[in-house]
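Numbering (UniProt numbering), first residue to last: 1 to 86.
Take a look at the structure set out below.
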Amino acid sequence: PAPIPPPAPSQSSPPEQLQSMEMRSVLRKAGSPRKARRARLNPLVLLLDAALTGELEVVQQAVKEMNDPSQPNEEGITALHNAICG
1 PAPIPPPAPS QSSPPEQLQS MEMRSVLRKA GSPRKARRAR LNPLVLLLDA ALTGELEVVQ
61 QAVKEMNDPS QPNEEGITAL HNAICG
């Protein structure tokens, strides 16, 4: 049988290289101003979820933002289906 080759050397960085890398936090510091950016969710997603969980106010708001509240998602599920079966 052929001899087993020795293991490859480790690919980790030497300690001096790790110390030179600057680490920055992605968390907001206490007291720093908030940015005005907000996530905007698809009204169909909101409608389907709100209908499933019975959140009437969210359903009403999502319907106002849609052309067709009977629109199904990619699986064919509608808000009415979620309201009845959820």
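For glycine and all other residues, C-beta sits at the position ideal for the given N, C-alpha and C.
These figures come from a predicted structure and were not determined experimentally.
DSSP three-state label for V26, please.
Taking the sequence shown and counting its residues from 1, the one referred to as residue 26 is at position 26. Three-state DSSP puts V26 in coil, outside helix and strand.
Would you give the residue range spanned by the alpha helix (DSSP H) that N82 belongs to?
Mapped onto the sequence shown, residue 82 falls at position 82. Here the alpha helix (DSSP H) through N82 covers A79 to C85.
Check whether the stretch 64-73 and the stretch 33-40 are in contact - that is, three or more C-beta pairs closer than 8 angstroms.
No contact exists between the stretch 64-73 and the stretch 33-40.
Along the chain, where does the alpha helix (DSSP H) that runs through D68 open and close?
If you number the sequence shown from 1, residue 68 lands on position 68. No alpha helix (DSSP H) contains D68, which DSSP labels as neither H nor E.
For A62, which residues of its own chain have a beta-carbon under 7 angstroms away from its beta-carbon, when the five flanking residues on both sides are left out?
Working through the sequence shown from its first residue, we reach residue 62 at position 62. Hits under 7 angstroms: P43, L46, L47 and A50.
Taking just the CA atoms, how far does A79 sit from residue 90?
Nothing about residue 90 can be read from this structure; the chain reaches only from 1 to 86.
With 16 other CB atoms within 10 Å as the buried threshold, where does V26 fall?
Numbered from 1 along the sequence shown, position 26 holds the residue referred to as residue 26. The residue in question, V26, is exposed, as its Cβ has fewer than 16 Cβ neighbours within 10 Å.
Measuring only the C-alpha atoms, how far is A30 from I4?
Residue mapping note: residue 30 aligns to position 30 of the sequence shown, counting from 1. Residue mapping note: residue 4 aligns to position 4 of the sequence shown, counting from 1. Spanning the two alpha carbons is a distance of roughly 56 angstroms.
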